[in-house]
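Student: Line order of the protein sequences matches chains A and B. Residue 576 is where the first sequence starts when you use my numbering, and the numbers rise one by one after that. Residue 14 is where the second sequence starts when you use my numbering, and the numbers rise one by one after that. Quick reminder that beta carbons are idealized off the backbone N, C-alpha and C, glycines included. Since the model is a prediction, treat every value here as computed from it, not as a measurement.
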Amino acid sequence: MAKILIPTPLRQFAGGNDTVDVTGATVGEALTALTTAHPDLRKNLYNDAGALRSFVNVYLNDEDIRYLSKDATPLSDGDTISIVPSIAGGR
Amino acid sequence: MLTIEKAAWDVMVAHAEATYPNECCGVMLGKGKTVTRAKALDNTYEGAQEDRYEIRPEDLLAADREARKDGLDIVGIFHSHPDCAAYFSKTDLENSCPWYSFVVLSILKGKFDNAGSFLPNAEQTEAPEEELIWPKS
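Right under this line is the structure:
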């Protein structure tokens, strides 16, 4: 069992929960379990092509999964998955 | 409408003025649409920071953990526009996230001049301005 931390603005699409417990062998499976349980989250996290939106980063504990094995990153019992936005800009 | 309390506002303005002529950035914590705490973050943009900023995602992750620990939420993001108006630029829009309020502080000749708050959409195509209340002192 892993825990996914839900950013405040998305909790309304996750039954009001700030965390959601999921099962899955990989981060990808966990995210699929999340969006299956809470389908309204899907359009907030993924674009029409089914890819994570450009501003969405996924962290397993303290590591960005892009630098691990992306969706195939294996999960261990007690892991925490965080959804963290990319933010930049300039005048 | 976004309301920023004085303690948070003072941190935001001080950070924006201290980093002038570079852009600053930071995160705003609070509840609902009220900001009670602001945290200055490093501008990690690798290049001229007079007209660009970038927030390290790990810093946002740390801010989220702090917020959860203290019963707060991440309410928004702030950054400064040195010698430029408090508008939401094309660069701001193309690198935004629709989950938060984005406050822009205009800093003219090193001093705070004005501010605006914007709500970008998920497609990063528009960011309507919302009413912003800050302490006028």
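1) What are the residues in the stretch 99-118 of chain B lying within 9 Å of chain A by C-beta distance?
2) Hey, quick one: how far does the alpha helix (DSSP H) through A663 (chain A) stretch, first residue to last?
3) Quick one: which residues of the stretch 614-642 of chain A get their C-beta closer than 9 Å to a C-beta of chain B? List them in chain order.
4) Jot down the residue ranges of each uninterrupted beta strand (DSSP E) in the stretch 26-59 of chain B, minimum 3 residues, whole runs only, in chain order.
5) Taking the Cβ atom as the reference point for each residue, do F125 (chain B) and L118 (chain B) lie within a distance shorter than 8 Å?
6) Hey, how far is the Cα of G653 (chain A) from the Cα of G45 (chain B)?
7) Since D96 (chain B) is in the beta strand (DSSP E), which residue starts that stretch and which ends it?
8) So the beta strand (DSSP E) L118 (chain B) belongs to, where does it begin and stop?
9) Show which residues of chain A have a CB atom less than 8 Å away from the CB atom of Y66 (chain B).
10) Can the beta-carbon of I658 (chain A) be found less than 8 Å from the beta-carbon of V633 (chain A)?
11) Starting from E144 (chain B) and walking both ways along the beta strand (DSSP E), at which residues does that stretch end?
12) Let me know if A624 (chain A) comes out buried or exposed under the rule of 16 or more other beta-carbons within 10 Å of its beta-carbon.
13) When burial is assigned at 16 or more other CB atoms within 10 Å of the CB, is Q62 (chain B) buried or exposed?
14) Throw me the rounded Cβ distance for the G129 (chain B) and E139 (chain B) pair, which I believe falls under 8 Å.
15) If we count Cβ pairs, one from each stretch, closer than 8 Å, do we get three or more for the stretch 107-122 of chain B versus the stretch 14-33 of chain B?
16) To the nearest angstrom, report how far apart Y642 (chain A) and A75 (chain B) are at their CA atoms.
17) What residues from chain A crowd round D86 (chain B), counting only those whose CB sits closer than 7 Å?
18) Along the beta strand (DSSP E) that carries T594 (chain A), what are the first and last residues, could you check?
19) Can you check whether the C-beta of C97 (chain B) is within less than 8 Å of a C-beta belonging to chain A?
Tutor: The structure says:
1) Residues passing the 9 Å Cβ filter: Y100, F101, S102, T104, D105, L106, E107, N108, S109, C110, P111, W112, Y113, F115, V117.
2) Position 88 of the first sequence, counted from the first residue, corresponds to residue 663 (chain A). For A663 (chain A), no alpha helix (DSSP H) segment is defined; the enclosing uninterrupted segment is the beta strand (DSSP E) at 662-664.
3) Cβ contacts with chain B come from K618, N619, N622, R628, S629, F630, V631, N632, Y634, D637, D639.
4) Entirely contained in the stretch 26-59 of chain B, the beta strand (DSSP E) runs reaching 3 residues are, in chain order, 38-44, 47-54.
5) For this step, residue 125 (chain B) is matched to residue 112 along the second sequence. For this step, residue 118 (chain B) is matched to residue 105 along the second sequence. Cβ atoms of F125 (chain B) and L118 (chain B): closer than 8 Å.
6) Taking the first residue of the first sequence as position 1, residue 653 (chain A) is located at position 78. Taking the first residue of the second sequence as position 1, residue 45 (chain B) is located at position 32. Rounded to the nearest whole angstrom, the C-alpha separation of G653 (chain A) and G45 (chain B) is 30 Å.
7) To locate residue 96 (chain B), count along the second sequence from 1; it is residue 83. Per DSSP, D96 (chain B) belongs to no beta strand (DSSP E) and is neither H nor E.
8) Here residue 118 (chain B) is taken as the residue at index 105 of the second sequence, counted from 1. Residue range 114-121 is occupied by the beta strand (DSSP E) that includes L118 (chain B).
9) What you label residue 66 (chain B) is simply residue 53 of the second sequence in a count that begins at 1. Neighbourhood of Y66 (chain B) in chain A, by CB distance below 8 Å: A663, G664, G665, in chain order.
10) Position 83 of the first sequence, counted from the start, is the residue given in the question as residue 658 (chain A). Position 58 of the first sequence, counted from the start, is the residue given in the question as residue 633 (chain A). Yes.
11) As a working mapping, residue 144 (chain B) is identified with position 131 in the second sequence. DSSP places E144 (chain B) in no beta strand (DSSP E); its state is neither H nor E.
12) Your numbering for residue 624 (chain A) matches position 49 in the first sequence. By the neighbour-count rule (16 or more Cβ atoms within 10 Å), A624 (chain A) is not buried but exposed.
13) Walking along the second sequence from the start, residue 62 (chain B) turns up at place 49. By the C-beta density criterion, Q62 (chain B) is buried, having at least 16 other C-beta atoms within 10 angstroms.
14) For the purposes of this step, residue 129 (chain B) is taken as the residue at position 116 of the second sequence. For the purposes of this step, residue 139 (chain B) is taken as the residue at position 126 of the second sequence. Contact doesn't hold; Cβ gap of about 14 Å is too wide.
15) The stretch 107-122 of chain B vs the stretch 14-33 of chain B: in contact.
16) Sequence index remark: in the first sequence, residue 642 (chain A) carries index 67 (1-based). Sequence index remark: in the second sequence, residue 75 (chain B) carries index 62 (1-based). Between the alpha carbons of Y642 (chain A) and A75 (chain B) lies a distance of about 18 Å.
17) Indexing the second sequence from 1 puts residue 86 (chain B) at position 73. In chain order: T583.
18) As a position in the first sequence, residue 594 (chain A) is number 19, starting the count at 1. Secondary structure note for T594 (chain A): its beta strand (DSSP E) is the uninterrupted segment 594-597.
19) For the purposes of this step, residue 97 (chain B) is taken as the residue at position 84 of the second sequence. By this cut-off, C97 (chain B) is an interface position.
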